[in-house]
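So that you can map any letter, position 161 of the sequence shown is 161 in the UniProt record's numbering, and since no number is skipped, the others follow by simple counting.
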Amino acid sequence: MAKAHPDADLHPEATGPAARTVKAHEPEHSLKLYSGWFCPFVQRVWIALEEKHIQYQYIEVNPYHKPKSLLDLNPRGLVPTLEYDNKPLYESTVLVEFLEEAFPDHTPHLQPKDPYQRARTRIWTDFVTSRIIPGYHRFLQHQGEDGLQEKREEFLGFLKEFTKEMDSEGPYFNGKEFGAIDVILAPWAVRLWVFDHFKGGLGIPEKGKGGDDETTWERWRTWSEAIHKRKSVIETLSEREHYLPIYQRYAEDRAQSELAKATRAGRGVP
Ligand SMILES: N[C@@H](CCC(=O)N[C@@H](CS)C(=O)NCC(=O)O)C(=O)O
């Protein structure tokens with residue numbers, strides 16, 4: 001028999017503010033979000049749905065058990081998966097764009113109107129996928145003190161690069177309006193506490209202590225605070241205690257092979 005995935009026994013449902021959001025979206029609806037409450041890729045899509053007040057049905061599944069209902073829609077059995085008019089769609093970055101196009105009358109518009117800004121959103125979305133998220137995993141999975149600081153600096157370097165592209169006033173990436181590029185990184189921004197908890201600190205300098213990078217870190221802090229206060233972000237988060245065992249596995253050497261396998265297969269991990 002195949003060995004159970006270490007995350008197969010994760011907490012079965014959303015808790016805290018996210019549980020209230022789930023409750024409000026229990027009724028049957030033709031737009032269905034197949035979700036794992038803990039998953040940052042899901043949270044992107046969930047934030048977009050909540051921001052735009054789109055009606056949908058929330059369906060909790062454990063993607064490590066892969067129920068038939070999920071596999072029938074998405075052969076890879078990943079969350080998030082959407083069912084739209086009886087048709088399946090998946091990949092979080094595609095879904096965030098899709099919701100904007102499929103529900104054009106719903107505001108706020110998350111994609112910038114200006115084609116240049118829209119193209120920049122794609123460039124920096126790619127940067128989150130190809131640099132920030134892998135850097136986050138390398139830092140989180142690093143074992144021992146030796147070499148940890150290099151992983152930390154690599155990750156912070158990516159955050160700085162991203163931050164330098166932000167509108168100088170903010171608070172959001174493109175200025176006053178919350179948009180798709182904010183949605184794309186927000187789930188990881190609200191999970192950075194894992195480094196304080198497991199890796200001896202994230203390492204972003206305190207206010208006034210950023211040296212040559214102070215302006216960049218100040219801009220990061222402005223963005224991060226705005227993200228942490230955003231209603232749609234808060235209302236799609238569960239209680240921290242239930243994320244802890246998941247991250248503990250990745251931070252403490254127990255899921256390294258799972259992480260390597262998932263990364264090779266182009267899948268995300270929580
Ligand atoms: N590239 C996908 C990643 C989605 C993903 O990997 N989700 C994880 C949960 S956070 C999953 O479903 N994992 C199940 C598995 O690895 O089999 C996206 O952006 O939607």
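Glycine included, C-beta positions come from ideal geometry on N, C-alpha and C.
Owing to the predicted nature of the structure, the values given are computational and were not obtained by experimental measurement.
Three-way DSSP call (helix, strand, coil) for residue i in this model
i	result
Leu237	coil
Tyr34	strand
Pro88	strand
Tyr64	coil
Ile181	helix
Gly135	helix
Gly16	helix
Ala175	Sequence inspection shows Gly at residue 175; the Ala mentioned does not correspond to that position. Note: Gly175 maps to strand in three-state DSSP.
Gly211	helix
Gly268	coil
His142	coil
Val190	coil
Arg76	coil
Phe98	helix
Ile246	helix
Ile204	coil
Glu252	coil
Gln111	coil
Asp7	helix
Ser232	helix
Ser69	helix
Pro40	helix
Ser168	coil
Member of the options whose CA lies at the smallest distance from the CA of residue i
i	options	result
Leu99	His53, Glu177 and His65	His53
Ser69	Lys32, Phe38 and Lys151	Lys32
residue 282	Asp9, His25, Trp46 and Asp7	With the chain represented from 1 up to 270, any question about residue 282 goes unanswered, as that position is not in the structure.
Phe127	Leu244, Leu159, Asp105 and Lys229	Leu159
Lys229	Lys199, Val190 and Gly211	Val190
Tyr90	Glu225, Leu156, His106 and Leu71	Leu71
Leu244	Pro75, Phe195, Glu218 and Glu28	Phe195
Gly77	Tyr34, Glu218 and His137	Tyr34
Glu153	Gln248, Gly208, Gly135 and Gly170	Gly135
Gln143	Lys66, Lys199 and Ser30	Lys199
Val42	Leu140, Ile184, Gly208 and Trp193	Ile184
Phe114	Gly179, Pro187, Ser224 and Arg240	This sequence places Asp at residue 114; Phe is not what is there. Ranking the options by Cα distance to Asp114, first place goes to Gly179.
Met166	Leu140, Thr215 and Leu148	Thr215
Thr121	Asn174, Asp146, Glu101 and Leu95	Asn174
First and last residue of the uninterrupted beta strand (DSSP E) at residue i
i	result
Thr81	Thr81 to Tyr84
Residue i, enclosing alpha helix (DSSP H) - first and last residue
i	result
Leu156	Leu148 to Lys164
Gln55	Unbroken run through Gln55: none, as it is neither H nor E.
Glu225	Glu214 to Lys229
Thr121	Pro115 to Phe127
Val194	Trp193 to Phe198
Environment of residue i [buried if 16+ CB atoms lie within 10 Å]
i	result
Pro270	buried
Met1	Caution applies to Met1, whose pLDDT of 48 falls short of 50 and renders its modelled position unreliable; the model cannot decide the point.
Ala18	buried
Glu206	exposed
Ala24	exposed
Val22	buried
Min CB distance residue i to chain D below 9 Å
i	result
Val194	No chain D is present in this structure, which holds just one protein chain.
Check: residue i C-beta below 8 Å from any heavy atom of ligand 3
i	result
Lys66	This structure lacks ligand 3; the ligands present are ligand 1.
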